[in-house]
Amino acid sequence: MQLLKSYSWPGNVRELENAIERAVIVARDRVITVEDLPEQIRGLEREPAAQRTVEIEIGTSMDEVEKRIILETLAHMGGDKTKTAQTLGIGRKTLYRKLEQYQAKEKSQ
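With numbering that gives the first Met the number 0, the residue at position 66 of the sequence shown is 65, and numbering never jumps.
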């Protein structure tokens, strides 16, 4: 129960509902254990992402820095946008909006 209380729940109630539904489905017994919860709630995927670095040259614009960090994190997470958003501490909608902006800029160039 403490693990559920301490998790930040970036997806709010919907993420909590999905986590509980998943735990009920994968639980072997009538009691849900920590092992039945998704990895991101158990904190199993955060360390590798935190150890990655992105090399940025002095003079690079903040927009370009943000873009590179988002795209590098997305690649590191194997294209999983939910994990990418969680790792970066942003909402999924924000991530999708940023990715759409990057695609629009590439098409216009």
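The beta carbon of each residue, even a glycine, is placed where N, CA and C say it ideally should be.
If you draw a straight line from the C-alpha of residue 16 to the C-alpha of residue 62, how long is it?
-> 35 angstroms
Reducing DSSP to helix, strand and coil, say where residue 44 ends up.
-> Unreliable positioning characterises residue 44 in this predicted model, as indicated by a pLDDT of 49, which lies under 50. The coordinate reading is nonetheless provided below. Coil, per DSSP.
Alpha-carbon spacing of residue 7 relative to residue 105, whole angstroms | 34 angstroms
In angstroms with no decimal places, state the Cα-to-Cα distance between residue 40 and residue 88.
-> 14 angstroms
In the structure shown, what three-state DSSP assignment does residue 6 receive?
-> coil
Indicate the three-state DSSP secondary structure (helix, strand or coil) for residue 27 in the structure shown.
-> coil
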